[in-house]
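Residue 599 in the working numbering sits at position 599 of the sequence shown; the count goes up by one each step and never skips. Even for Gly, the Cβ is constructed at its ideal location relative to N, Cα and C. Keep in mind it's a predicted model, so treat the numbers as computed, not measured.
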Amino acid sequence: MKKLFTLLFLSPLAAISNAAETGDTKMINFEDHIKPILREHCTSCHSESDKESDLALDSYGATLAGGSSGEVVVEGNSSSSRLFALVSHAERPFMPPDQDAIPKEQISLLKTWIEQGMPENSGSKIKRSNAIANAMLGTVSQGKPDGPPPMPEHLLSQPVRETARSAAIAAMAASPWAPLIAVGGQEQVVLYHAENGELLGVIPFPEGEPHALTFTRDGQQLLIAGGRHSQSGCAVLVDIKTGVRITKVGDELDIVLAADISPDKSRIALAGPQRIIRIYDSVSGELLLSLKKHTDWIFAVRYSPDGVLLASGDRSNGLVVWEADTGLIYCDLAGHKGEVRSVDFRADSNVLASGSLDGTIKLWDMIESKEIKSWAAHSGGVTAVSFAHDGILGSAGRDAIVKLWNGNGEIQKEFKGLTEAALEIALTGDAQHLAGGDWHGKIQLWHTADPEKARLIAANPPSLAHRIARSELELQTLLQQLTSANQAAEMASGKAAQSLESLTKFEQSVSTTESDLATATATETELSNQILQQVSEIQRLEELLVAARAKYQDLQTAHAESQMSKTNLQNQLAQLQSTLKQQQLDHQSLLQSAKETADRAALAKEEFAEVETALIKLRQEQAELDQRLAQVQSDAELAAAKVEALRNSLATVSDQEQKQSSEQVVLQERLASLQVQLAALQNEVRAVAEAQAVNSQARAEQQKAKAALAEQVTAAEQAAFEAAELLELYRQSYQNPE
1 MKKLFTLLFL
11 SPLAAISNAA
21 ETGDTKMINF
31 EDHIKPILRE
41 HCTSCHSESD
51 KESDLALDSY
61 GATLAGGSSG
71 EVVVEGNSSS
81 SRLFALVSHA
91 ERPFMPPDQD
101 AIPKEQISLL
111 KTWIEQGMPE
121 NSGSKIKRSN
131 AIANAMLGTV
141 SQGKPDGPPP
151 MPEHLLSQPV
161 RETARSAAIA
171 AMAASPWAPL
181 IAVGGQEQVV
191 LYHAENGELL
201 GVIPFPEGEP
211 HALTFTRDGQ
221 QLLIAGGRHS
231 QSGCAVLVDI
241 KTGVRITKVG
251 DELDIVLAAD
261 ISPDKSRIAL
271 AGPQRIIRIY
281 DSVSGELLLS
291 LKKHTDWIFA
301 VRYSPDGVLL
311 ASGDRSNGLV
321 VWEADTGLIY
331 CDLAGHKGEV
341 RSVDFRADSN
351 VLASGSLDGT
361 IKLWDMIESK
371 EIKSWAAHSG
381 GVTAVSFAHD
391 GILGSAGRDA
401 IVKLWNGNGE
411 IQKEFKGLTE
421 AALEIALTGD
431 AQHLAGGDWH
441 GKIQLWHTAD
451 PEKARLIAAN
461 PPSLAHRIAR
471 SELELQTLLQ
481 QLTSANQAAE
491 MASGKAAQSL
501 ESLTKFEQSV
511 STTESDLATA
521 TATETELSNQ
531 ILQQVSEIQR
541 LEELLVAARA
551 KYQDLQTAHA
561 ESQMSKTNLQ
571 NQLAQLQSTL
581 KQQQLDHQSL
591 LQSAKETADR
601 AALAKEEFAE
611 VETALIKLRQ
621 EQAELDQRLA
631 QVQSDAELAA
641 AKVEALRNSL
651 ATVSDQEQKQ
661 SSEQVVLQER
671 LASLQVQLAA
681 LQNEVRAVAE
691 AQAVNSQARA
701 EQQKAKAALA
711 EQVTAAEQAA
721 FEAAELLELY
731 RQSYQNPE
């Protein structure tokens, strides 16, 4: 079974490998194979002596030169070669004219000759066909390519080699745009989904052990470099979706330890123990440059994202930056005290990061060619560094820890779980996923948002047979569990049938209980609402009661103060009453003789009646204030009585005409005395008002009492004034009778 799987999955590998290798392919050249065909079918019309359409096919140079319509053969591309299209009858006019097509074997030889680069003779070398490679490399994108990022679609599922344990992890890489992690194993590269750790496929590398993995900038292809120690080394470029090899470059005498492809995919740089960086044309495989500066094994090479620079680091602390196109040294960066194991450029190409076994990571300014930052990153040494698009830098070290740093060298997160020195790191372009591999062969995959959770992936996944066997075992276990579950379900079904009737009764009981509960709940809700309303009403009444009590207390205080004011007024008015009574006695005889002033007295009576009406109105207003000014009404009545007595006295004035002059003088003196007494009363009123103003607790009631007293005093003054006027009128009438 194992052999069957191996044959099934290695047969396509062999076919791909044979198609890519040219060493075992028979070379077809012009002199030995193509010239005889052309001489047989074409040179009668197309020779130097008879160049129809200005085309001669009897010599190698003339054939390559073409005719009046241009080239007739295109190196490496038979489908674009007009000569091949005409002789194969793919285009008109068919050649040879008016004849059948030349034999298929001859057409095949012509096609092979063109695809091999049109060698001239047996001493020529086959030139790699560039048409297929150019087509598969496609359009180069410096940024994120349009559409979804490429993911494996048709890769092998069967590992090339199955081992009991993995060797030390020597190569890892992450796609710049897709959630894809590549891990180098033994004669193979394994691809995993970065989000869930799913095995997506296997890419064979029969040349040996992969030591360098690099995705192209657009994520379409993967460069695999490696080989066999002290024997051979090379690099191959494969398509991510299909695993098809696009190109192969290099024929090193030792394993390749470092490799990278330029951003435009036109060049591939290889380096290793031979201390030389060799740069190849990625399509033709031609060696373009050999860069010699390093004095020890080269562990790292990396193109800048803009393709202008190429950085490399070696085992003797050397760090060199080259001009990518010319191979000239751009700068020699000194500073590391240990092996430079890894280099990477920031996305803007302005900053280079280098990791060394001296334990430091250094950042270098490519414009100024100087160090701008250095920090101790890993105890024991830094083995790998990698930039994400946003400038986040990932690193691995011999302390078995994988770390993320910001652009200032400040630690952001640490990822633990590896058991030996961490050798490689793979950081996706969006910095969302991270993988690290150690010396023991252990690989862990993390979501960078959660360093505590990790998945294990392997560089040596089990074979399909083992995976199928394991799945079958798991399936059997599940079937057993399912059988047990079915048996338990049958037993439970019997018990369920027995309990169904009880359950039905219980449900009926529950339904009745639920109905009663609903009714009780509704009643409880209604009572709760009523209680809430009653509580609210009680609270409102309590507030009113508190306010009423406060108001009642204020009224009691005001009433007590009013009683005190009332007593004072009674005393004062009693004195006034006594004085008025005395005046009544003194003027009784005088008033009885004032018959001539009766009409005037009547007029005064009417005026006093108006005063009495005003006093009555005042009494009504005072009654509305809880009779706090009742005494004022009494005082008004006394004043009215005084006026009435004065009127009666004036009525008797006519009987005493002879005594009028002398008694009038006495009356005026007494009236003046009365005015003095009234002035004293006013002073007392003002004193009372000032005393009331001092008392802040009863100032409102005192103001009312003072106003009432002032009104009464004014009324008394008015009454006295009117009496004086009456007397004056009487005097004038007496002295000037009409």
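Where does residue i sit, in a helix, a strand or coil, going by DSSP?
| i | result |
| --- | --- |
| residue 204 | strand |
| residue 384 | strand |
| residue 113 | helix |
| residue 653 | Any reading at residue 653 must be qualified, since the residue scores a pLDDT of 44, below 50, and its modelled position is unreliable; no value is offered. |
| residue 738 | Low local confidence applies: a pLDDT of 46 at residue 738 is under 50, so the model's placement there is unreliable, with the coordinate-based value given in what follows. In the structure shown, residue 738 sits in coil (DSSP, three-state: anything other than H, G, I, E or B). |
| residue 210 | strand |
| residue 125 | coil |
| residue 575 | helix |
| residue 37 | helix |
| residue 272 | coil |
| residue 165 | coil |
| residue 238 | strand |
| residue 55 | coil |
| residue 61 | helix |
| residue 172 | strand |
| residue 245 | strand |
| residue 526 | helix |
| residue 83 | helix |
| residue 466 | helix |
| residue 221 | strand |
| residue 597 | Because residue 597 carries a pLDDT of 48, less than 50, the predicted location of this residue cannot be relied on, and the following value inherits that uncertainty. Note: residue 597 maps to helix in three-state DSSP. |
| residue 395 | strand |
| residue 721 | helix |
| residue 540 | helix |
| residue 70 | strand |
| residue 632 | Because the pLDDT of residue 632 is 47, which lies under 50, any placement of that residue in the model is unreliable, and the number read from its coordinates should be weighed accordingly. Three-state DSSP puts residue 632 in a helix. |
| residue 290 | strand |
| residue 487 | helix |
Judging by CA-CA distance, which residue of the options is the nearest neighbour of residue i?
| i | options | result |
| --- | --- | --- |
| residue 163 | 458, 274, 475 | 458 |
| residue 260 | 282, 251, 240, 494 | 282 |
| residue 342 | 170, 718, 515 | 170 |
| residue 296 | 319, 444, 280, 305 | 319 |
| residue 239 | 227, 250, 215, 253 | 215 |
| residue 246 | 92, 236, 253, 173 | 236 |
| residue 306 | 354, 366, 401 | 366 |
| residue 309 | 298, 315, 300, 324 | 324 |
| residue 299 | 328, 220, 355 | 355 |
| residue 439 | 181, 168, 528 | 168 |
| residue 83 | 152, 114, 44 | 114 |
| residue 86 | 47, 446, 388, 38 | 38 |
| residue 225 | 255, 241, 242 | 255 |
Can you name the residues that DSSP bridges to residue i?
| i | result |
| --- | --- |
| residue 267 | 281 |
| residue 193 | 180 |
| residue 227 | 209, 233 |
| residue 413 | 404 |
| residue 360 | 376 |
| residue 438 | 422 |
| residue 321 | 311, 331 |
| residue 446 | 434, 454 |
| residue 370 | 365 |
| residue 739 | Not covered by the structure: residue 739. The range shown for the chain is 1 to 738. |
| residue 546 | In the DSSP output, where bridge partners are listed per residue, residue 546 has none listed. |
| residue 46 | 51 |
| residue 252 | 233 |
| residue 788 | The chain is shown only over 1 to 738; residue 788 falls outside these bounds and no answer can be derived. |
State yes or no: is the beta carbon of residue i nearer than 8 Å to at least one beta carbon in chain B?
| i | result |
| --- | --- |
| residue 467 | Here chain B cannot be found, since the structure has a single protein chain. |
**Request:** Starting from the N-terminal side, write out each stretch of the beta strand (DSSP E) that is 3 residues or longer and does not extend beyond the segment 329-355.
**Result:** Every beta strand (DSSP E) stretch that sits fully inside the segment 329-355 and reaches 3 residues is listed by chain position as 329-332, 340-345.
**Message:** Within 8 Å, do at least three Cβ pairs link the segment 348-360 to the segment 281-297?
**Reply:** The segment 281-297 makes no contact with the segment 348-360, as fewer than three CB pairs between them are under 8 Å.
**Message:** Tell me whether the segment 198-208 and the segment 226-234 touch, counting them as touching only if at least three CB pairs, one residue from each stretch, are closer than 8 Å.
**Reply:** Counting Cβ pairs under 8 Å, three or more are found: they touch.
**Asked** Any contact of the segment 418-427 with the segment 155-162, i.e. 3+ C-beta pairs under 8 Å?
**Response** Taking 8 Å as the limit for Cβ pairs, the verdict is that the segment 155-162 does not touch the segment 418-427.
**Request:** Mind the definition here: the segment 97-115 touches the segment 49-68 only if three or more C-beta pairs lie below 8 Å; say whether that holds.
**Result:** Too few Cβ pairs lie closer than 8 Å, so no.
**Prompt:** Is the segment 325-333 in contact with the segment 373-385, if contact means three or more CB pairs nearer than 8 Å?
**Reply:** Contact check between the segment 325-333 and the segment 373-385: fewer than three CB pairs, one atom from each, fall below 8 Å, which does not count as touching.
**Prompt:** Does the count of Cβ pairs from the segment 177-192 and the segment 265-284 closer than 8 Å reach three?
**Reply:** Using a C-beta cut-off of 8 Å, the segment 177-192 makes no contact with the segment 265-284, since fewer than three inter-stretch Cβ pairs fall below that distance.
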